Amino acid sequence: MSDQPFDIIIQGGQVVSGDGVAELDIGIRGEQVAALAKHLEAAGARIINANGKLILPGAIDVHVHPVYMDDLGATSISAAFGGITTMVHFAYVRPGMPFIGTLEAFRDEGEAKSVLDFSMHAGMFDVENQLEYVPQAFEMGITSYKVFMTYAKLKWMTDDYHMLALMDVVADHHGLIMVHCENGLATDYLEDKYLREGQSPRERFMDMRPALLEAEATNRAISLAQVAGCPIYIVHVSAAPVLGPIREAKARGWRVWAETCPQYLTLTHQTTLEQGAIAKIGPPLRTAEDNAALWDALADGTLDTVGSDHAPKDKKPDDDFFDAAYGSPQIETMPNLLYDGGVHGGHFPVSRLVQVMSENPARVLGLYPQKGSLRPGSDADLVIWDPDKRHTLSHNSQHSNAPYTLYEGREVIGAPILTMQRGKVIVENGELKADPGTGRFLTTSTDSLYT
Ligand SMILES: [Zn+2]
């Protein structure tokens, strides 16, 4: 570290936090923010001019699957180009895989390949046989545990008995349970019924996984968590009826956090009809009314965070819809779509964007204010954002290995022009400047959810 007060000064930008926007210079020393003031100078410091630009804390994507067409390294690069600086990955431990060994391998791969700092959630597929290892996973610094209430036929589903058993153990260790809420047995029945009738799985996709069964499962998961005394995080809320149980639980003061994704804010069943297998995601894309209700819920605090659910599967539009895997590339376009739709679209001010993309994810996982904030002492993880840049989303300009995006041809306003991690510029002028393995594994802490 140098002995001058700042290594870098970002001058003249509009610095955004969850509390508002202020024109401030940011002085960066080493890996951290050292000062914010009306005017900073220092001999020898690199000056970055940010006149007319916004400075956002780097986005924290808490919903990432870096195991399909993009590995941990490729996912981090795609994310960095989008303006994300921290990722929280789902480390899935499938039945039969060694629990702790799988988590360690995931962490080691990230430390070898990632250009961004990252944390992990453990994804549980076999609670009955995996539960005994959970205390050891806490010792690794993993404090969030995900289960599915759906995908019964795939044998991914956790039943209520085992979900409650897991919540008990997670609560004992002051952790967080994360749940994919859809009633899996009921959706399997509906799928069977429509297939038996010879109906198109693509056309009936929404009917096979109705919003009401997502709402039912959400209510059930929240109830079980409340019984266990375990804070709960609802992943990828996709529809208006799901907001009811979340609002009710929050009104009662229960410890419930909820996330939606850019795809549920900006796309509908029409996309599934037009784009076919590449638009198969779970829960399904729904209706324009659901989009509107989710924007409102993000604005009014019913929803706390946005995650990408980046899961770039190898598929083509004309693949058999029923056989196609669930998931799509989302990480790089998330900040674009949230800025364009949320801020430019008039749903909320840019300070709320920073709350849902940076501050709240950091707070839930105990990463705040090291991450998700630009106060003195915080890691200098930030994005210089051009609020006026108009551009068109296309698979040609994304850095994912997936050869498609669900947003092909969509014009958006606002774009990241520089991404910095811990004081180092990692993307500038469309160029990657970071080496693989410079990202660090971050332990999480959910203790504060229990106070
Ligand atoms: Zn997911």
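In this text, residue positions in the sequence shown follow this note's numbering: the first is 1, and each later residue adds one. No residue lacks a Cβ here, since even glycine has one placed at the ideal position from N, Cα and C. These numbers come from a predicted model, not from an experiment.
Does the separation of the CB atoms of I331 and I100 fall below 8 Å?
Against a cut-off of 8 Å, the Cβ pair of I100 and I331 comes out as no contact.
Going by the C-beta, is F452 closer than 7 Å to any heavy atom of ligand 1?
A query on residue 452 cannot be resolved here, the shown segment of the chain reaching from 1 to 451 and no further.
Answer with buried or exposed for M22, where buried requires no fewer than 16 other C-beta atoms within 10 angstroms of its C-beta.
Strictly speaking, residue 22 in this sequence is Ala, with Met absent from that position. So A22 counts as exposed.
Please classify Q270 as buried or exposed, where buried requires at least 16 other C-beta atoms within 10 Å of its C-beta.
Q270 should be labelled exposed.
What does the alpha-carbon distance come out to for the pair M140 and I55?
Cα-Cα distance, rounded: 33 Å.
Under a three-way DSSP split, which group does I281 fall into?
Residue state, collapsed to three classes: coil.
Quick one: is V364 buried, meaning 16 or more other Cβ sit within 10 Å of its Cβ, or exposed?
V364 comes out buried.
Considering only the beta carbon of each residue, do T333 and T143 sit closer than 8 Å?
Contact: no.
Compute the beta-carbon to beta-carbon distance between L406 and L267, rounded to the nearest angstrom, for a pair I have assumed lies under 8 Å.
So it is a contact: roughly 6 Å between Cβ atoms.
Let's see if you can read the secondary structure: which residues bound the alpha helix (DSSP H) around G58?
Premise fails: G58 is in no alpha helix (DSSP H) and is neither H nor E.
Taking all protein chains shown into account, do 16 or more other C-beta atoms lie within 10 angstroms of the C-beta of I10, making it buried, or fewer, making it exposed?
Buried.
Are the Cβ atoms of W257 and Q226 separated by less than 8 Å?
No, the Cβ-Cβ distance between W257 and Q226 is not below 8 Å.
Rounded to a whole number of angstroms, what is the C-alpha to C-alpha distance between Q4 and R46?
Cα to Cα, the separation comes out at about 12 Å.
Pull up the CB-CB distance for I413 and M420, whole angstroms please, since I reckon it's below 8 Å.
In fact, because the Cβ distance is near 22 Å, the residues do not count as touching under 8 Å.
Within the same chain, show all residues whose beta-carbon is closer than 8 Å to that of G409, passing over the 5 residues directly before and after it, in chain order.
The residues are T392, L393 and S394.
Going by C-alpha to C-alpha distance, which of I60, E359 and G27 sits closest to A50?
Comparing Cα-Cα distances from A50 to each of I60, E359 and G27, the minimum goes to G27.
Where do the N-terminal and C-terminal ends of the beta strand (DSSP E) with E259 fall, by residue?
E259 -> beta strand (DSSP E) spans V256 to T260.
What's the gap between the Cα of G82 and the Cα of D70?
Each residue's Cα considered, the two are about 15 Å apart.
Please list the terminal residues of the continuous beta strand (DSSP E) segment that includes G184.
It is not in any beta strand (DSSP E) - G184 instead sits in the alpha helix (DSSP H) that spans G184 to R196.
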